[in-house]
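First the structure, in the form of structure tokens, and then the observations on it.
Numbering (the numbering used here), first residue to last: 7 to 130.
Put into structure tokens, the structure is as follows:
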């Protein structure tokens, strides 16, 4: 809804500038100056709000963390690391070990935390 209002103000501003040019051609320079001023202010404001809205949406981007599951064989100590799947839980018995054919179990489930990079504030 907000984008609709922004684009409506943008369209009305362009129409005001076009009407100001038309009035200037027909000799009504005072009304043309007012309409040109209103059009330029509306154009500047709607462009600014549109850019700020876009910048805010980029800033609010949510990053889903990676969850990892470790599957381990208790007999030979073989470990397998894979991405978490729905239904995984600690001590869940999994398939046979690749080395000794014993049953493997899930020994750890954890989320990998990535360090956030510091970004410089935008210029201007």
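Where a beta carbon is used, it is the ideal one built from N, C-alpha and C, also for glycine. Since the model is a prediction, treat every value here as computed from it, not as a measurement.
Asked                                                                                                             : Found
Alpha-carbon spacing of residue 17 relative to residue 69, whole angstroms                                        : 35 Å
Three-state secondary structure (DSSP) of residue 83                                                              : coil
Outcome for residue 11 when other beta-carbon atoms lying within 10 angstroms are tallied against a minimum of 16 : exposed
Alpha-carbon to alpha-carbon, residue 13 and residue 23                                                           : 15 Å
The beta strand (DSSP E) enclosing residue 110, as first and last residue numbers                                 : 109-118
C-beta contact flag for residue 27 and residue 59 at 8 Å                                                          : no
Any non-hydrogen atom of the ligand NAD closer than 7 Å to residue 17 Cβ                                          : This structure lacks the ligand NAD; in fact it carries no ligand of any kind.
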